[in-house]
Amino acid sequence: MTFRAHPDPTQSLIPAYPCSLKLPDVLGKASSTHLDQNLFRFRSTHLEQILKVALRLKHENSGLSQILDQAEDWLCRLRAMAEEPQNSLPDIVIWMLQGDKRVAFARVPAHQVLYSRNIPNCCGRNCGKLQTIFLKVPLEERPGGILIFQTVFPH
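Counting from 1, one number per residue, gives the positions in the sequence shown under full-length UniProt numbering.
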């Protein structure tokens, strides 16, 4: 959703248009599973409810505390909807090698560093950023050891 500034600076931001990106319709696809279809219905229903309440709040004289409570509810709902229960991308495993021996490792969820050339908003939140990653010593080596490592996942 994009916003444009209200002519009166004391007023809140107003949505320029309700939704710019539609959810991909999985109901008509033969390869969609029951989980895909139920997630589509769940997400569509929640987004419609959020839109209705937002439009109602826009036209009412609501107090700031009511608007903030509603915004926190929306944030929780959107975070719950954004997490994919069936992530098909495996985690990225970073190994530190010493000769032929694996001395430390770290797992990074692939969706955090994913890069999208076509849609910039679909990049992972850590894509192209310098990260400090704490490497763990494999359990068969020494339990409890931690090493510190920095890397940049380029975009």
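The beta-carbon is built from N, C-alpha and C at its ideal position, and this holds for glycine as well.
Might you give, ordered along the chain, the residues of its own chain that have their beta carbon closer than 7 Å to the beta carbon of residue i, omitting 5 neighbours on each side?
i     : result
VAL53 : GLN70
Round the Cβ separation of residue i and residue j to the nearest angstrom and send it over; I've been treating them as touching at under 8 Å.
i      : j     : result
ARG125 : MET81 : With a Cβ gap of about 16 Å, ARG125 and MET81 do not count as contacting.
Can you list, in chain order, the residues of its chain with a C-beta nearer than 8 Å to that of residue i? Leave out the 5 residues immediately preceding and following it.
i      : result
GLU84  : HIS111
SER116 : CYS122 and CYS123
TRP95  : ARG102, ALA104 and PHE105
I need the straight-line Cα distance from residue i to residue j, nearest angstrom please.
i           : j      : result
LEU27       : ASN38  : 9 Å
LYS22       : ARG79  : 17 Å
LYS58       : ASP25  : 29 Å
VAL113      : PRO90  : 12 Å
ALA30       : ASP36  : 11 Å
residue 157 : LEU135 : Residue coverage of the chain in this structure runs from 1 to 155, which leaves residue 157 outside it and unanswerable.
THR132      : PRO138 : 19 Å
SER32       : LEU47  : 21 Å
LYS101      : SER88  : 29 Å
ASN118      : THR45  : 27 Å
GLY63       : HIS34  : 41 Å
Find the nearest neighbour of residue i within the set the options, judged by alpha-carbon distance.
i      : options                        : result
ALA106 : VAL113, GLN98, LEU97 and ILE92 : ILE92
CYS127 : PRO109, LEU68 and LEU139       : PRO109
ASN49  : ARG77, GLU60, LEU64 and HIS34  : First, the amino acid is wrong: residue 49 is Gln here, not Asn. Comparing Cα positions, the closest option is ARG77.
Please go through the same chain and pick out, in chain order, the residues whose beta-carbon is closer than 6 Å to the beta-carbon of residue i, but skip the five residues on each side of it.
i     : result
PHE40 : VAL26
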